[in-house]
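Note sheet for the following structure.
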Ligand code: AMP
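In the numbering used here, the protein residues as written are -5 to 460.
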């Protein structure tokens, strides 16, 4: 049986009512590239038809030729950047997906991961539906096309009522754009304005690039419908406790973005400050693992009163380590990406700050690199708690078996990465730093407390957790 691949680690962008819709979507996707580097696409509408350009590759490569925009006419467009694990990384799985059905054409772009897609797919196939992709997103289109309701809004509400999991969605038809965020609000989504045009983006950094004004975040459970007559907002779902993903703050979102009511950079810096309060150590310098460790390292250094230095330099022309899925290539990947500055590290007691340890490969390489460059002591500090559980809501984490902290103690991990000491930010410290208070987060990757249970079918191919 062909199992659904979750739609993981994606970014979405849409604009309605601007003569340069496709061009601006291209720029928006550029700003969201960190959310997915494998493939991207844009669908535009000129009020009569939808037009598509999608391909594997980075935004700059896929849309590098200006002529492409001549084939994406119209005043509205949606776009998508995608990361997926190997196996199903083929063109047919690139988004946005566009279909023609009895009511016209519709395109969809999805960030997140549905937990009951396989179940619905089996049901629909039993009734004769034919699926073209292996993405959970296609299930939503089928539900929408087969809905008994007549208006688009009601069909979307009907379809969303059937799905469970994490989703931020953008729909585009000939005449409308619809944005939807799941009731838990796992992934971020914001609303902006550029002149008279409405803009929707995964992160506010995409609004900044096109000089759109940040209006507000789209609320958990909200559906926003945009037509030539303006914007309407709907809350059709039963209200539940939100559970935005804390890992967006730890690693995934861009530091200049504003998500879940906060600026990511400030939150990461506070993680670093709190980490220092919990795991202070005498040292000569604090260095980040660039780029994701930089704000936390600044926070740690300021709190500790120890100089912040750049002891590792990153080659920015290499993708994220995680993109190369095989262990053999990943080992190589760290060296390609980072090089030590010997003059900074020689003879120094060094605190190295990173945002997370997943498999442990990166930290092990980095400790060795820093020591070989002459450091006398290497202390590793991680600005999040041990990542012990896989994510089913849209962050690509490996299976439980591969997560080093799911089966090893902190002392065992310290030995494995050969650090002189190792300290993780506590879960309480993390929540305190993010100012969680009465505002809860999904922290399933740290605690195993999953806000939505998922069918066994989905869990099976990925882990031996149950
Ligand atoms: P590892 O070598 O598997 O322990 O990877 C740890 C590194 O991966 C850290 O430097 C993190 O910044 C980074 N990282 C953590 N989570 C992810 C993710 N979901 N995708 C890509 N990189 C990640």
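The C-beta atom is built at its ideal place from N, Cα and C for all residues, glycine as well.
> Secondary structure at residue 22, three-state DSSP: helix, strand or coil?
Replying inline: Numbered from 1 along the chain shown, position 28 holds the residue referred to as residue 22. DSSP places residue 22 in helix when its eight states are reduced to three.
> Can you tell me whether DSSP reads residue 385 as helix, strand or coil?
Replying inline: The count along the chain shown starts at 1 and reaches residue 385 at position 391. In the structure shown, residue 385 sits in coil (DSSP, three-state: anything other than H, G, I, E or B).
> Where do the ends of the alpha helix (DSSP H) carrying residue 53 lie?
Replying inline: On the chain shown, position 59 is the one that residue 53 refers to. Element bounds for residue 53: 53 to 56.
> In angstroms, rounded to a whole number, what distance separates the CA positions of residue 21 and residue 106?
Replying inline: Your numbering for residue 21 matches position 27 in the chain shown. Your numbering for residue 106 matches position 112 in the chain shown. Their backbone Cα atoms lie some 22 angstroms apart in a straight line.
>> Taking the straight line between their C-alpha atoms, what separation do you get for residue 26 and residue 181?
In response: Within the chain shown, numbered from 1, the residue matching residue 26 stands at position 32. Within the chain shown, numbered from 1, the residue matching residue 181 stands at position 187. Cα to Cα, residue 26 sits roughly 14 angstroms from residue 181.
> Should residue 285 be counted as a contact of ligand 1 given a C-beta to heavy atom distance under 6 angstroms?
Replying inline: Taking the first residue of the chain shown as 1, we reach residue 285 at position 291. Not under cutoff, so the answer is no.
> For the segment 255 to 330, which segments carrying the alpha helix (DSSP H) assignment without a break, of at least 4 residues, lie completely within its bounds, in sequence order?
Replying inline: 258 to 272, 288 to 298
>> Quick check: the Cα distance between residue 335 and residue 304, rounded to an integer number of angstroms?
In response: The residue given as residue 335 occupies position 341 in the chain shown. The residue given as residue 304 occupies position 310 in the chain shown. C-alpha separation (whole angstroms): 8 angstroms.
> On the premise that residue 167 lies in contact with residue 98, defined as a C-beta separation below 8 angstroms, what is that separation, rounded to the nearest angstrom?
Replying inline: For the purposes of this step, residue 98 is taken as residue 104 along the chain shown, with counting starting at 1. For the purposes of this step, residue 167 is taken as residue 173 along the chain shown, with counting starting at 1. Yes, they are in contact, since the Cβ atoms of residue 98 and residue 167 sit about 6 angstroms apart, within 8 angstroms.
> Just to confirm, does residue 351 get its C-beta within under 6 angstroms of one of the non-hydrogen atoms of ligand 1?
Replying inline: Working through the chain shown from its first residue, we reach residue 351 at position 357. Yes, the Cβ of residue 351 comes within 6 angstroms of a heavy atom of ligand 1.
>> With distance defined between alpha-carbon atoms, name the residue in 197, 89, 139, 12 nearest to residue 131.
In response: Along the chain shown, one-based indexing puts residue 131 at 137. Closest option to residue 131, Cα to Cα, is 89.
> Using a threshold of 6 angstroms, is the CB atom of residue 521 nearer than that to any non-hydrogen atom of ligand 1?
Replying inline: No information on residue 521 is available, as it lies outside the stretch -5 to 460 that the chain covers here.
> Can you give the Cα-Cα distance for residue 199 and residue 30, rounded to whole angstroms?
Replying inline: For the purposes of this step, residue 199 is taken as residue 205 along the chain shown, with counting starting at 1. For the purposes of this step, residue 30 is taken as residue 36 along the chain shown, with counting starting at 1. Going by the C-alpha atoms only, they are around 15 angstroms apart.
> Nearest-angstrom Cα distance between residue 119 and residue 391?
Replying inline: Taking the first residue of the chain shown as position 1, residue 119 is located at position 125. Taking the first residue of the chain shown as position 1, residue 391 is located at position 397. Cα to Cα, residue 119 sits roughly 29 angstroms from residue 391.
> Within 6 angstroms: the Cβ of residue 355 and any heavy atom of ligand 1?
Replying inline: What you label residue 355 is simply residue 361 of the chain shown in a count that begins at 1. Yes, the Cβ of residue 355 comes within 6 angstroms of a heavy atom of ligand 1.
>> Assuming residue 261 and residue 248 are in contact, meaning their beta carbons sit under 8 angstroms apart, how far apart are those beta carbons, in whole angstroms?
In response: Reading the chain shown from its first residue, position 267 is the one you call residue 261. Reading the chain shown from its first residue, position 254 is the one you call residue 248. Not really, about 12 angstroms apart at Cβ, beyond 8 angstroms.
> Going along the chain, which residues of its own chain have a beta-carbon closer than 8 angstroms to the beta-carbon of residue 43, five neighbours each way excluded?
Replying inline: Against the chain shown, residue 43 aligns to sequence position 49. Here the set comprises 99, 168.
>> Measuring straight from C-alpha to C-alpha, what distance separates residue 36 and residue 428?
In response: Taking the first residue of the chain shown as position 1, residue 36 is located at position 42. Taking the first residue of the chain shown as position 1, residue 428 is located at position 434. Using only the alpha carbons, I get a separation of about 34 angstroms.
> Helix or strand or just coil, what does DSSP make of residue 241?
Replying inline: Within the chain shown, numbered from 1, the residue matching residue 241 stands at position 247. In the structure shown, residue 241 sits in a helix (DSSP, three-state: H, G or I).
>> Could you compute how far the alpha carbon of residue 85 sits from the alpha carbon of residue 271?
In response: Mapped onto the chain shown, residue 85 falls at position 91. Mapped onto the chain shown, residue 271 falls at position 277. Looking at the two C-alpha atoms, the distance is approximately 48 angstroms.
>> Taking its Cβ as the centre, do 16 or more other Cβ atoms sit within 10 Å of residue 302, making it buried, or is it exposed?
In response: By one-based count along the chain shown, residue 302 stands at place 308. Flag for residue 302 reads buried.
> If residue 384 and residue 393 are in contact, beta carbons under 8 angstroms, what's the gap, nearest whole angstrom?
Replying inline: Taking the first residue of the chain shown as position 1, residue 384 is located at position 390. Taking the first residue of the chain shown as position 1, residue 393 is located at position 399. Rounded, the Cβ-Cβ distance is 6 angstroms, consistent with contact.
> Comparing the CB of residue 245 with every heavy atom of ligand 1, is any distance shorter than 6 angstroms?
Replying inline: Looking up residue 245 in the chain shown gives position 251. It does: the Cβ of residue 245 is within 6 angstroms (strictly closer) of some heavy atom of ligand 1.
>> On a Cα-Cα basis, can you pick out the residue from 295, 330, 296 that is closest to residue 311?
In response: Here residue 311 refers to the residue found at position 317 when the chain shown is read from its first residue. It is 330.
>> Starting from residue 461, trace the alpha helix (DSSP H) in both directions and tell me its first and last residue.
In response: Absent from the model: residue 461. The displayed extent of the chain is -5 to 460, so no value can be given.
> If you follow the alpha helix (DSSP H) that residue 342 is part of, which residue opens it and which one closes it?
Replying inline: On the chain shown, position 348 is the one that residue 342 refers to. Segment: none, residue 342 is in no alpha helix (DSSP H) and carries neither H nor E.
> Do the segment 156 to 164 and the segment 181 to 197 meet, that is, are 3 or more Cβ pairs less than 8 angstroms apart?
Replying inline: yes
> Relative to the C-alpha of residue 389, which residue among 367, 438, 418, 430 is closest?
Replying inline: Residue 389 sits at position 395 when you count from the first residue of the chain shown. Closest by alpha carbon: 438.
> If we count Cβ pairs, one from each stretch, closer than 8 angstroms, do we get three or more for the segment 169 to 188 versus the segment 226 to 242?
Replying inline: yes
>> Considering only the alpha carbon of each residue, which of 245, 370, 376, 434 lies closest to residue 342?
In response: Translated into positions along the chain shown, residue 342 becomes position 348. Of 245, 370, 376, 434, the residue nearest in Cα terms is 370.
> Cα separation between residue 128 and residue 234?
Replying inline: Within the chain shown, residue 128 is the residue found at index 134, counting from 1. Within the chain shown, residue 234 is the residue found at index 240, counting from 1. Their backbone Cα atoms lie some 30 angstroms apart in a straight line.
> Within 6 angstroms: the Cβ of residue 414 and any heavy atom of ligand 1?
Replying inline: Against the chain shown, residue 414 aligns to sequence position 420. Result no, Cβ not under 6 angstroms from ligand 1.
>> Between residue 393 and chain C, is the shortest Cβ-Cβ distance under 7 angstroms, so that the two count as touching?
In response: The structure shown contains no chain C; it is built from a single protein chain.
>> For a quick check, are the C-beta atoms of residue 15 and residue 54 less than 7 angstroms apart?
In response: Sequence index remark: in the chain shown, residue 15 carries index 21 (1-based). Sequence index remark: in the chain shown, residue 54 carries index 60 (1-based). No, they are not a contact pair.
> How close, in whole Å, do the beta carbons of residue 275 and residue 344 come, if the pair is a contact with beta carbons under 8 angstroms?
Replying inline: Along the chain shown, read from residue 1 onward, the residue named residue 275 stands at position 281. Along the chain shown, read from residue 1 onward, the residue named residue 344 stands at position 350. Not really, about 10 angstroms apart at Cβ, beyond 8 angstroms.
> Which stretch, first to last residue, makes up the alpha helix (DSSP H) that contains residue 156?
Replying inline: Along the chain shown, read from residue 1 onward, the residue named residue 156 stands at position 162. First-last of the alpha helix (DSSP H) with residue 156: 146 to 156.
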